[in-house]
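If you're matching positions, the sequence shown starts at 10 in the working numbering and goes up one per residue.
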Amino acid sequence: MRITLIDDSIPFDGSTPRKRSIGGAEKAFVGLSEAFAAKGYEVTAVNRCESYFELNGVRWLPFDAPRPPDCEILIAFRRPTLLQEIDDVDQRFLWLWGPLSFLNKAKNQVLLDRYMPTLIYLGETQRRSWKPNRIYQEAIIVPGVVDAYLDFESDQSEPPPVAITTTHPRHAMQEILRLWVDEIRPNNDHAQLHIYSTSLSRWRDTGEIGDDFDDLIPMVLKSEKCGVFIKSPMPDSIMANVYGAAKLHLYPAIKMEMYGNTLAESQATGLPALVRTTDQSAGAIAERVCDGQSGYIAPDDPAFVNLVAEILAESSGIYRSLHKDALALQRQRSWQVVSTEFEALWS
């Protein structure tokens with residue numbers, strides 16, 4: 010069977026995740042392509058890669074190159090406009106990512122009605138966020154996690170009191186830093202918070218930062234005296250060890266987020282999660298954490314602060330319980346499993 014996946018976003022290819030950190034959407038595109046190829050399918054990935062090449066059984070084709078002449082399955086990634094890129098196709102899928110309000114635009118409605126693709130949602134929260142004007146074939150297929158996290162061998166020793174955060178700094182970072190400086194660090198002078206952020210790492214190294222960070226930078230500077238460190242996101246093979254050496258993943262609930270890939274990855278290594286909410290709603294992030302087992306969804310800031318203190322405490326029984334359950338519950342979602350769920354839709 011010939012499968013074509015097509016994306017029109019940023020330049021990347023199958024080698025990119027091995028070289029540097031990339032977004033969850035791009036990582037998913039690579040993961041599914043390679044999972045199909047591993048099963049013996051003829052797979053072509055069309056995107057903004059620089060040149061044609063083959064890797065792990067996937068043929069990477071630049072977006073401006075001629076389309077594959079034969080295609081039985083077309084998986085358009087994110088954009089309905091990509092459904093029209095190949096004419097002779099047996100079945101079309103639209104693999105959705107992020108908020109879905111854009112689907113209400115007239116031009117997208119026309120494309121959906123013309124091609125009637127099977128819609129692939131990331132989860133129940135994303136599916137409920139959009140009400141189509143007609144019935145489409147649809148499925149919820151949760152993305153996979155790359156093997157670097159699923160295969161990580163956890164050290165049985167208790168990690169030092171290190172918490173990490175991986176979300177974009179514009180998403181409640183200032184509030185988390187305030188809680189850390191004022192309430193968390195004063196009760197544990199060995200505790201550290203490691204912020205994995207491309208934008209803040211660039212600011213640290215070059216002094217360059219966007220205007221929308223003006224309110225955050227003074228708080229970052231203040232927090233450096235309280236065990237807060239800026240870190241650069243790294244490729245998966247390194248980030249798996251980062252998660253394995255930490256004790257807690259702090260994650261703000263983000264209303265518009267529909268997946269939370271770094272949280273899925275850290276959970277797979279056994280790292281407990283603590284989700285901070287502002288209105289007692291975690292949205293799609295509630296689908297990434299087994300509340301009370303692999304982590305907690307804190308209903309308010311006092312609960313958030315207390316849970317951070319308990320989990321980062323030395324000889325923390327709560328850490329060991331969460332760590333054990335995360336390993337047991339959160340490392341079954343490989344890309345091979347995901348590809349099998351796609352196969353069920355056309356078999």
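Idealized CB from N, CA, C, for every residue including glycine.
Our two residues, D198 and S324, have alpha carbons roughly 16 Å apart in a direct line. Using a Cβ distance threshold of 7 Å, I193 and V317 count as a contacting pair.
Residues of the same chain with a CB within less than 6 Å of the CB of A85, apart from the 5 flanking positions on each side, are I15, L91, L92, L103 in chain order. Taking the Cβ atoms as the reference, A34 lies roughly 17 Å from S348, outside the contact range of under 8 Å. DSSP places R194 within a helical segment (H, G or I) once states are collapsed to three. At a Cβ-Cβ threshold of 7 Å, M267 and Q118 do not count as neighbours. Residue pairing by DSSP places H203 opposite I173, F238 in a beta bridge. Taken in chain order, the whole alpha helix (DSSP H) runs of length 4 or more contained in the stretch 99 to 128 are 115 to 124. Boundaries of the alpha helix (DSSP H) harbouring T134: 133 to 137, taken from the DSSP string.
By the CB criterion at 7 Å, Y260 and V229 fall outside the cutoff. If you draw a straight line from the Cα of G66 to the Cα of K240, it comes to about 34 Å.
In the three-state reduction of the DSSP assignment, R211 falls in the helix class. The bridge partners DSSP lists for N56 are P71.
The beta carbon of R342 is closer than 6 Å to those of G153, V154 in its chain, skipping five residues each way along the sequence. DSSP, read as helix, strand or coil, puts R285 in strand.
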